Amino acid sequence: MWKTLRPNRANLVIWQWLLLVLCFVLWYVLTSPTLLPPFYFDDPNKAAFFFGEPQKVLQRIWEWFTGGEIYLHLWITLVETVLAFALGTALGLGVGLWLALSPLASALFDPYIKAANSMPRVILAPIFGVWFGLGIWSKVALGVTLVFFIVFFNVYQGVKEVSPVVLANARMLGANRKQLLRFVYLPSAMSWVFSSLHTAVGLAFVGSVVGEYLGSARGVGYLILQAEGTFDINTVFAGILVLTAFALILDAIVGVGERRLMKWQPKSGETEKL
């Protein structure tokens, strides 16, 4: 019986949904003042005050989408996230290729790249607010600083990992610099880039939401901040769940793009068989 029901490739999605339902059930039980004795709080209503109530959180999400209140805020956050993700990825790809293929420039900028990467990017948010105002571009700028370094270091490492034998063979066949870039360096870097994009999507969301926290009149982060100001923990959790859901959707889109663009890459284990 257990061999049939235990998690495997065929029923993995079902088990994932069951785990999600179990989490909501535990959340409901632990925050209900009537289902458990008040052994962890002197007041049985304190658990719901600090951790929210799942039925009220889901109700708030339902009200947002049926009433249309969430759409403008969600659109602003998604625009900020997509712009930060696209610009950060493009800059990381371009600068990573340039420095990986230019040893002199790489040596020159190395200490500055390391210094910029070690800086907590969140402290730049107020500066971007002064430079770009409280519109979307201050949030985009913060998101770009988070996405850029993830992509940059992966591209840089991907180019450096190109086999010298492959390079030598390509040069023997008459490949020029542009052909090496197109047929050798870029394919090597792209496998590293796509592995970093899944992390970059989440960081782009972080940049957008943190920027909205520090100064904005729209966005899901703004809704969460307003709810925190009135101690409305259910709305806070509702905003978190909405952001998480759309981050997963963007991550899935990146996964689809990766599978379509990386068809040429052999699957794990296939190279050993060859």
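Quick note on numbering: UniProt numbering labels position 199 of the sequence shown as 199, and the sequence is numbered without any gaps.
Every residue gets a Cβ at the ideal spot worked out from N, C-alpha and C, and that includes glycine.
As the structure is a computational prediction, the values presented were derived from the model and not from experiment.
Measuring alpha carbon to alpha carbon, tell me which residue in LEU250, PRO120 and PHE231 is nearest residue 275. Residue 275 cannot be examined here, being either before or after the span of the chain that is shown, 1 to 274.
Just reading off the alpha helix (DSSP H) that GLU228 is part of, what are its end residues? The sequence position of residue 228 within the sequence shown is 228, counting from 1. Per DSSP, GLU228 belongs to the alpha helix (DSSP H) from 220-229.
Reducing DSSP to helix, strand and coil, say where THR271 ends up. Numbered from its first residue, the sequence shown carries residue 271 at position 271. Bear in mind that the predicted position of THR271 carries a pLDDT of just 43, short of 50, making it too unreliable to give a figure here.
Work out the CA separation of GLY202 and VAL82 for me, nearest whole Å. In the sequence shown, counting from the first residue as 1, residue 82 sits at position 82. In the sequence shown, counting from the first residue as 1, residue 202 sits at position 202. Their Cα atoms are separated by approximately 11 Å.
For LYS160, which residues from the same chain have a beta carbon less than 8 Å from its beta carbon, with the 5 sequence-adjacent residues on both sides left out? Taking the sequence shown and counting its residues from 1, the one referred to as residue 160 is at position 160. ALA100.
Less than 8 Å between CB atoms is the rule here; does PRO164 satisfy it with respect to chain C? Absent from the structure is chain C; it holds one protein chain and no more.
Rounded Cβ spacing between ASN234 and GLU53 (contact assumed at less than 8 Å): For the purposes of this step, residue 234 is taken as the residue at position 234 of the sequence shown. For the purposes of this step, residue 53 is taken as the residue at position 53 of the sequence shown. That belief holds up - the Cβ atoms of ASN234 and GLU53 are roughly 6 Å apart, short of 8 Å.
Buried or exposed: which applies to ILE127, given that a residue is buried once 16 or more other Cβ atoms fall within 10 Å of its Cβ? On the sequence shown, residue 127 is found 127 positions in, with the first residue counted as 1. Exposed, by the Cβ-count rule.
Pop quiz: LEU97 and VAL151 are said to be a contact at Cβ under 8 Å. What is the actual Cβ separation, rounded to whole angstroms? What you label residue 97 is simply residue 97 of the sequence shown in a count that begins at 1. What you label residue 151 is simply residue 151 of the sequence shown in a count that begins at 1. Contact annotation, LEU97 with VAL151: C-beta distance approximately 11 Å; criterion of less than 8 Å not satisfied.
State the start and end residues of the unbroken alpha helix (DSSP H) segment that holds VAL122. Residue 122 sits at position 122 when you count from the first residue of the sequence shown. Looking at the DSSP string, VAL122 is not in any alpha helix (DSSP H), and its letter there is neither H nor E.
Which same chain residues, not among the five before or five after LEU243, have their C-beta less than 7 Å away from its C-beta? If you number the sequence shown from 1, residue 243 lands on position 243. Around LEU243: PHE205, VAL209 and VAL220.
So, at 7 Å on beta carbons, what are the nonlocal neighbours of GLY269 in its own chain, with the 5 sequence-adjacent residues on each side left out? Your numbering for residue 269 matches position 269 in the sequence shown. Caution applies to GLY269, whose pLDDT of 48 falls short of 50 and renders its modelled position unreliable; the value that the coordinates give is listed next. Counting only Cβ-Cβ distances below 7 Å, and skipping sequence neighbours, we find nothing.
Identify, in the order they occur along the chain, each residue of the same chain with its Cβ nearer than 8 Å to the Cβ of LEU134, setting aside the five sequence neighbours on each side. For this step, residue 134 is matched to residue 134 along the sequence shown. So the qualifying residues of the chain are GLY215, SER216 and ALA217.
Looking at ILE136: is its Cβ nearer than 8 Å to the Cβ of VAL79? Taking the first residue of the sequence shown as 1, we reach residue 136 at position 136. Taking the first residue of the sequence shown as 1, we reach residue 79 at position 79. Their beta carbons are under 8 Å apart, which means ILE136 touches VAL79 by this criterion.
Of the residues PRO111, ALA141 and MET172, which one's Cα is nearest the Cα of residue 275? No answer is possible for residue 275: it lies beyond the span of the chain, which begins at 1 and ends at 274.
Do you know offhand how far TRP64's Cα is from LEU74's? As a first step, residue 64 must be located in the sequence shown, where it is residue number 64. As a first step, residue 74 must be located in the sequence shown, where it is residue number 74. Distance between the alpha carbons of TRP64 and LEU74: 10 Å.
Which two residues bound the contiguous alpha helix (DSSP H) that contains VAL13? For the purposes of this step, residue 13 is taken as the residue at position 13 of the sequence shown. That run of the alpha helix (DSSP H) goes 12-31.
Hey, how far is the Cα of PHE109 from the Cα of GLY239? Translated into the one-based positions of the sequence shown, residue 109 becomes position 109. Translated into the one-based positions of the sequence shown, residue 239 becomes position 239. So the alpha carbons of these two residues sit roughly 40 Å apart.
VAL79, enclosing alpha helix (DSSP H) - first and last residue: The sequence position of residue 79 within the sequence shown is 79, counting from 1. Per DSSP, VAL79 belongs to the alpha helix (DSSP H) from 69-101.
Sorted by chain position, which residues of the same chain lie with C-beta nearer than 8 Å to LEU72's C-beta, five sequence neighbours on each side aside? Position 72 of the sequence shown, counted from the first residue, corresponds to residue 72. Around LEU72: ARG218.
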